[in-house]
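Numbering-wise, our numbering comes out as the position in the sequence shown, counting from 1, plus 1.
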Amino acid sequence: MTTSTFNLLVTPSATILSDAQRAERMSKLTFGRTFTDHMVVIPYRDGTWQQGEVKAYGPLSLDPSASSLHYGQAIFEGFKAFAQPDGGVKTFRPEANGERFNRSAKRLAMPEIPVELFLKAADELICLDRAWVPQNIGESLYLRPLMIATDPYLGVRPSNEYLFVLFASPAGAYFPKGVKPVTVWISEDYVRAAPGGTGEAKCAGNYAASLVAQAQAQEKGCDQVVWLDAVHREYIEEMGGMNLFFVYQEGGKTVIVTPELTGTLLPGITRRSLLELAKDLGFEAQERKLTVQQWRDDIAAGRMTEVFACGTAAVITPVGEVKANGFEMRINNGENGPVTMALREALLSIQHGSAPDTHGWMHTVC
Ligand SMILES: *Cc1c(COP(=O)(O)O)cnc(C)c1O
2 MTTSTFNLLV TPSATILSDA QRAERMSKLT FGRTFTDHMV VIPYRDGTWQ
52 QGEVKAYGPL SLDPSASSLH YGQAIFEGFK AFAQPDGGVK TFRPEANGER
102 FNRSAKRLAM PEIPVELFLK AADELICLDR AWVPQNIGES LYLRPLMIAT
152 DPYLGVRPSN EYLFVLFASP AGAYFPKGVK PVTVWISEDY VRAAPGGTGE
202 AKCAGNYAAS LVAQAQAQEK GCDQVVWLDA VHREYIEEMG GMNLFFVYQE
252 GGKTVIVTPE LTGTLLPGIT RRSLLELAKD LGFEAQERKL TVQQWRDDIA
302 AGRMTEVFAC GTAAVITPVG EVKANGFEMR INNGENGPVT MALREALLSI
352 QHGSAPDTHG WMHTVC
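In structure tokens, the structure reads:
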């Protein structure tokens, strides 16, 4: 494929919302319910990506025998665009999402997409729909790329045809009433990912399989589920669809610890960014294994002072309480901790352009 074929055909929507209609929708933003005027679709067939299109956001037409509907060849990504103080728009580490999208594709026996095409699709969509980029701190335009298998064939084998789709959703502040710690339930009945499985891939099926565990956490009076490793059922892996961090105070030093990537954890881009950002704030950062027993002991001994989860959607969410069969513990008295909030502020400041982008994470869109 040559660079010129990365050009996307633009067919503006015939039903673009008026400024007043858009303003009305953007006045009450939540997460994931409002979509912009356009989307990008790029089909894959005959072993190559075909001419891509930017067109009106709307339903896709799929054959009922399309293999993704049956056998789950379906992957996605999530990243954000932020309004900048100078009136421009920038995305946060979109190449990292493009690269991870391709690692997910590989795991699901799907074709990779050139990262330049992935970036171009996002940039064109954001520019065309830039009036939908929210302006307030804490708000963003959430980008959702996905790929599904579209072969109309019931045989079990990798599809020959795929559809890449990218659409955008203006997202309000994740904590409109201020950041508030969540309560988590350690799941002993379910696992998210096993060695050799798809835990590292951002595939639709991982989420389908997590829903009953999340429902159980809610029955136990918790907001989110915490996953343990599938083999020993004692190492902490993740919280719902977010990575976890544990904050230690050791001999005057602040150390943030996150479970190491073993192949069953999703390698979060927020996680990776916080490991780097921690050093800027004078914290030490470590990736290592941590058991539930250590979690309990270190909280009890006062060595572990804060716990938080991180991911693109919520950025950083403090964890104020942990429950499991047989025990429950409060963390930092159930309040937001200073290290958690300092990291949150530092990351949001880079994303919104109020702090210098010293790591080169921001990608200029328009
Ligand atoms: C997407 C995701 C994350 C967070 O990744 P980010 O790149 O930081 O958004 C963590 N865990 C799971 C299971 C995920 O799907």
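Beta carbons: idealized from backbone N, C-alpha and C, even for Gly.
In chain order, which beta strand (DSSP E) runs of at least 3 residues are fully inside the stretch 44-82? 54-57, 75-77
Using CA coordinates, which residue listed in 277, 316, 314 is at the minimum distance from residue 360? 277
Contacting residues, own chain, Cβ-Cβ under 8 Å from residue 215 (five flanking each side not counted): 225, 226, 241
Would you list the one or two residues that DSSP bridges to residue 328? Answer is 325, bridged to residue 328.
Residue 130: which of 307, 111, 38 sits nearest, CA to CA? 38
Considering only C-alpha positions, which residue in the set 126, 180, 179, 158 is nearest to residue 168? 126
For residue 352, write down the residues that DSSP places opposite it in a beta bridge. Answer by DSSP bridge pairing: none, since residue 352 is not bridged.
According to the Cβ coordinates, are residue 292 and residue 196 closer than 8 Å? No, the pair does not count as a contact, with Cβ atoms beyond the cut-off.
Does the beta-carbon distance from residue 148 to residue 122 come in below 8 Å? no
Kindly confirm or deny that the stretch 90-100 and the stretch 38-49 touch, where touching means at least three C-beta pairs closer than 8 Å. Taking a cut-off of 8 Å for Cβ pairs, the stretch 90-100 and the stretch 38-49 do not touch, as fewer than three such pairs fall below it.
Can you tell me whether residue 146 is buried or exposed, with buried defined as 16 or more other CB within 10 angstroms of its CB? With a 10 Å radius around the Cβ and a threshold of 16 neighbouring Cβ atoms, residue 146 comes out buried.
Would you call the stretch 165-180 and the stretch 196-206 in contact, with 3 or more CB pairs under 8 Å? no
Tell me the DSSP bridge mates of residue 255? 250
If you run the structure through DSSP and keep just helix, strand and coil, what is residue 133? helix
By the three-class DSSP mapping on this structure, what secondary structure does residue 1 have? The chain is shown from 2 up to 367; residue 1 falls before or after that span and cannot be answered.
Taking DSSP as the reference, what is the three-state secondary structure of residue 242? If DSSP states are grouped into helix, strand and coil, residue 242 belongs with coil.
Return the bridge partner residues of residue 296 from the DSSP annotation. In the DSSP output, where bridge partners are listed per residue, residue 296 has none listed.
What residue ranges within the stretch 97-155 form continuous beta strand (DSSP E) runs of no fewer than 3 residues, ordered along the chain? 141-150
May I ask whether a heavy atom of ligand 1 can be found less than 7 Å away from the beta carbon of residue 333? Residue 333: no, Cβ never under 7 Å from ligand 1.
Take every Cβ of the stretch 278-288, pair it with every Cβ of the stretch 149-160, and state whether three or more of those distances are shorter than 8 Å. no
Go through its chain and collect everything with a Cβ distance to residue 186's Cβ below 6 Å, but skip five positions before and after it. Taken in chain order, the residues that qualify are 218, 221, 223, 226, 324.
From which residue to which residue does the beta strand (DSSP E) around residue 280 run? Unbroken run through residue 280 is the alpha helix (DSSP H), 270-281; no beta strand (DSSP E).
Compute the minimum distance between the beta carbon of residue 267 and the heavy atoms of ligand 1, and state whether it is under 7 Å. Under cutoff, so the answer is yes.
Residue 7 by DSSP, collapsed to three states: which one? DSSP places residue 7 in helix when its eight states are reduced to three.
If we count the other Cβ atoms within 10 Å of its Cβ and call it buried at 16 or more, is residue 320 buried or exposed? buried
Reducing DSSP to helix, strand and coil, say where residue 359 ends up. coil
For residue 182, which of 347, 300, 24, 337 has the nearest alpha-carbon? 337
CB residue 205 to CB residue 73, shorter than 8 Å? In this structure, residue 73 lies closer than 8 Å to residue 205 by Cβ.
Secondary structure, beta strand (DSSP E): runs of 3+ residues fully inside the stretch 159-241: 163-172, 183-187, 225-229, 237-240
Of the choices 249, 238, 250, whose alpha-carbon is the least far from that of residue 261? 238
Please state the DSSP three-state secondary structure of residue 25. Residue 25: helix per DSSP, three-state reduction.
Would you say residue 308 and residue 348 are within 8 Å of each other, going by their C-beta atoms? no
Residue 255 and residue 244 closer than 8 Å at C-beta: no
According to the neighbour-count rule (16 or more other Cβ atoms, all chains shown, within 10 Å of its Cβ), is residue 30 buried or exposed? Burial of residue 30 is indicated by the presence of at least 16 other C-beta atoms within 10 angstroms of its C-beta.
Classify residue 3: buried if its beta carbon has 16 or more other beta carbons within 10 angstroms, exposed otherwise. Unreliable positioning characterises residue 3 in this predicted model, as indicated by a pLDDT of 47, which lies under 50. A coordinate reading is not provided.
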